[in-house]
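Number of protein chains: 2
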Amino acid sequence: MIADSELELVPESIADHPAVVNYARRRGKKPEEVILEGSYHHSALRKLEDGERRGRPDIVHICLLNALESIANKEGKLRVYVHTRNDEVIYVKPETRLPRNYNRFLGLMESLFKNGVVPKDLALLRIEEKTLNELVEEIAPDEVFVMHEEGELIKPRDFGRVLAELENPLVIIGGFPHGDFRSKVEGRKVSLYREPLMAWTIVNEVLVNFESAIGV
Amino acid sequence: MIADSELELVPESIADHPAVVNYARRRGKKPEEVILEGSYHHSALRKLEDGERRGRPDIVHICLLNALESIANKEGKLRVYVHTRNDEVIYVKPETRLPRNYNRFLGLMESLFKNGVVPKDLALLRIEEKTLNELVEEIAPDEVFVMHEEGELIKPRDFGRVLAELENPLVIIGGFPHGDFRSKVEGRKVSLYREPLMAWTIVNEVLVNFESAIGV
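In structure tokens, the structure reads:
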């Protein structure tokens, strides 16, 4: 699970900011219908609480491309969830083929926030209001691991083996650029490296070492 | 090495196509100064030879983000090269922090094609005219592996161990969406899975299993 992801529509408080208004107009959308994007809305973000970490749909995009195209997913061994800073959860069907192009991905997310599901017929992606803890309860894992800079240092290969021995482990990875989880997350805190890693690097380390441990 | 990558400036023959002209104008550049991008220049691509596979800088972007942020790279165990369909080679310094935003990445590539190096002072990225085989000769690896759908099937974990036993192995991964290498590539053909994998999935499998094998 990618948790506390910095994926959200433009908040109302900055919907009239010129950087947002111009961007939305260029894309033929209303300001409150576009996804907040730190690179494009940089000056507007400065007016927001936590502005220095918000507007990072790119992190979700790269994590999902890596997860969905992984061997673990092709083997049917993976379920992916994206939890957002505003306590929404995106359910991603394993067969989803996400747009590789980032701008198309943003368009897809905008459509998802607007319609609740995309595409309407296949419902590959579905979004619901839900907290991280409600989602954890729903998944009912036999163990929860929280990837955390200050967690117990475990070599990635050994962590893959730990996961492989469980029936239904849940790994929680922060979908934000830096700082700590906003949600109260309970579980065994684990760190895979002595330095902070990008969210997508952790996705890769966890999935590939899990695959190795189960022998695919 | 990412080889035969579909990364190039807009070819002259379609520089006057409306899809390209409008896109370049929106970005404040000349048509022949922008990177060919399949999602944006789709109708123009149909007029090009190999049009159905060209214009995929997104593949290079995702492969590089995964490689540069990998533990292998942080441990100083990796050198990354991008070879393009037009026989250019991009040298990437290990400490490079690539733009996460795709459009900024495209801007960086445009600047690289224009100036030969970016940024001017640090020269983190440098581009030179060079064929794949000239680059292989320059790297002088002790063994060359070509990741190929029809190669010998080796489990990713075992392949990581093979790499770990060598001094200076070279892994060649195709930077195109489908089909075969355009360059004549010599080396041991290897396949990591019974189905085709995306280029960035192969990057992840190779690097993470190599890390595991060397015990980091």
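If you read the protein sequences in the order shown, they are chains A and B. The opening position of the first sequence corresponds to residue 3 in this note's numbering, with each subsequent residue numbered one higher. The opening position of the second sequence corresponds to residue 3 in this note's numbering, with each subsequent residue numbered one higher. C-beta: ideal position from N, C-alpha, C; glycine also.
Close partners of methionine 200 (chain B) in chain A (Cβ separation under 7 Å): Glu71. The continuous alpha helix (DSSP H) containing phenylalanine 115 (chain A) extends over residues 104-117. Annotation: lysine 49 (chain B) to aspartate 60 (chain B) spans about 21 Å, alpha carbon to alpha carbon. Beta-bridge pairing by DSSP links valine 205 (chain A) to no other residue. Glycine 177 (chain B) and serine 15 (chain A) have their C-alpha atoms some 42 Å from each other. Cβ atoms of alanine 166 (chain A) and phenylalanine 212 (chain A) come within 8 Å of each other, at about 6 Å. The C-beta distance from methionine 200 (chain A) to valine 173 (chain A) rounds to 15 Å, too long to fall under 8 Å, and the pair is not in contact. Residue pairing by DSSP places proline 171 (chain B) opposite B:Glu145 in a beta bridge.
The closest CA to that of histidine 63 (chain A), considering only B:Arg58, B:Val146, B:Arg102, is found on B:Arg102. Taking 7 Å as the upper bound on Cβ-Cβ separation, chain B lies near residues Tyr195, Glu197 of the stretch 184-198 of chain A. Between glycine 153 (chain A) and valine 208 (chain A), the C-beta spacing is not below 9 Å.
Isoleucine 174 (chain B) is outside the set of residues whose beta carbon lies under 9 Å from a beta carbon in chain A. In summary, the residues of the stretch 26-41 of chain A whose CB is separated from some CB of chain B by less than 9 Å are Arg28, Glu39, Gly40, Ser41, in the order they occur in the chain. The Cβ atoms of valine 82 (chain A) and leucine 70 (chain A) sit closer than 9 Å to each other.
B:Val146 is the residue among B:Glu151, B:Lys157, B:Val146 whose C-alpha sits nearest the C-alpha of leucine 168 (chain B).
With a cutoff of 9 Å on beta-carbon distance, glycine 30 (chain A) and histidine 43 (chain A) are scored as not near each other.
In the DSSP assignment, isoleucine 4 (chain B) falls within the beta strand (DSSP E) that extends over 4-7. Residue environment: glutamate 130 (chain A) is assigned as exposed (fewer than 16 neighbouring CB atoms within 10 Å of its CB, all protein chains considered). DSSP, read as helix, strand or coil, puts arginine 159 (chain B) in helix. Bounds of the alpha helix (DSSP H) holding isoleucine 64 (chain A) are 59-70. Within 7 Å of the CB of arginine 102 (chain A), the CB atoms of chain B belong to Asp60, in sequence order along the chain. At the C-beta level, valine 192 (chain A) and leucine 137 (chain A) stay beyond 9 Å of one another. Under the 10 Å beta carbon count, leucine 9 (chain B) is surrounded by 16 or more other beta carbons and is classified as buried. Judged by their CB atoms, lysine 157 (chain A) and leucine 194 (chain A) are nearer to each other than the 9 Å cut-off. Of the residues assessed, leucine 155 (chain B) falls on the exposed side of the cut-off, its CB having fewer than 16 other CB atoms within 10 angstroms. Buried is the label assigned to glutamate 39 (chain B), since at least 16 other Cβ atoms lie within 10 Å of its Cβ. Those residues of the stretch 159-170 of chain A placed with their C-beta closer than 9 Å to a C-beta in chain B are Arg159, Gly162, ordered along the chain. Using a Cβ-Cβ cut-off of 9 Å, serine 214 (chain B) counts as an interface residue toward chain A, since at least one Cβ of chain A sits closer than that to its own. The shortest C-alpha to C-alpha distance from leucine 100 (chain B) to any of B:Arg190, B:Leu127, B:Ser45 is the one to B:Leu127. Rounded to whole angstroms, the separation of the alpha carbons of leucine 134 (chain A) and leucine 124 (chain A) is 25 Å.
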